[in-house]
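The next block holds one structure in the form of structure tokens; read it before the comments.
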Amino acid sequence: MFLILYTNMVSGQLNTSQNPLAIIPTSNITAVKQFENGEFNIYVNHDDLKRFKRQGFVQYGDMGAIGDGVLDDMIYIVATHSLANIYGLDVKADNGAKYYIGDKEMTAS
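Taking this note's numbering, the leading residue of the sequence shown gets 26, the next gets one more, and so forth.
This is the structure we're talking about:
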């Protein structure tokens, strides 16, 4: 079990060889949907994307991470870095969050 605690802004890259994804603009809420085969899509609300670009960063909680140290946040961490890499954004952890990284075979950096 790993807990990640950090408050600094980071930039990162995603190893997508294990987890291909699509980023889909939507008028619905921003969400991450993972399929049984491990692949996932990121659905990004138009207004949220404008806000991320305006502020220059995206936070793990914006993609759905809970940060309670109990629920597995890995898919949301990977999704956050994926979105950040595509749009040239920094990544920022949510204040006070404790991110639990489960045993899924995913890479976010």
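Ideal Cβ positions, reconstructed from N, Cα and C, are used throughout, including at glycine.
Query raised in the report: Could one say the Cβ of Gly94 lies closer than 8 Å to chain E's Cβ atoms, at least one of them?
Result: Note that chain E does not occur in the displayed structure, where there is just one protein chain.
Query raised in the report: Contact between the segment 110 to 121 and the segment 57 to 64: three or more CB pairs below 8 Å?
Result: no
**Report entry** Proximity winner among Tyr68, Asn70, Ser52, Arg79, relative to Asp204 (alpha-carbon distances)
**Finding:** Outside the displayed range of the chain (26 to 134) lies residue 204, so it cannot be described from this structure.
Requested in this report: Could you pull out every unbroken beta strand (DSSP E) segment of at least 3 residues lying fully inside the segment 88 to 119, listed in chain order?
Outcome: 93 to 97, 115 to 117
Report task. Starting from Lys129, follow the alpha helix (DSSP H) in both directions and report where the run begins and ends. Result -> Here residue 129 refers to the residue found at position 104 when the sequence shown is read from its first residue. Unbroken run through Lys129: none, as it is neither H nor E.
Query raised in the report: What whole-angstrom Cβ distance do Asp93 and Asp73 have, given they're in contact under 8 Å?
Result: In the sequence shown, residue 93 corresponds to position 68, counting from 1. In the sequence shown, residue 73 corresponds to position 48, counting from 1. With a contact defined as Cβ atoms closer than 8 Å, Asp93 and Asp73 miss out at about 22 Å.
Query - Distance, Gly121 Cα to Asp128 Cα - result: Position 103 of the sequence shown, counted from the start, is the residue given in the question as residue 128. Position 96 of the sequence shown, counted from the start, is the residue given in the question as residue 121. Asp128 and Gly121: Cα-Cα distance of roughly 23 Å.
Query - CB of Lys117 within 8 Å of CB of Phe77, strictly - result: Counting from 1 along the sequence shown, the entry for residue 117 is found at position 92. Counting from 1 along the sequence shown, the entry for residue 77 is found at position 52. Cβ distance not < 8 Å, so Lys117 and Phe77 don't count as in contact.
Query - 6 Å CB neighbourhood of Asp97 in its chain, flanking five on each side removed - result: Residue 97 sits at position 72 when you count from the first residue of the sequence shown. Tyr125, Gly127, listed in sequence order.
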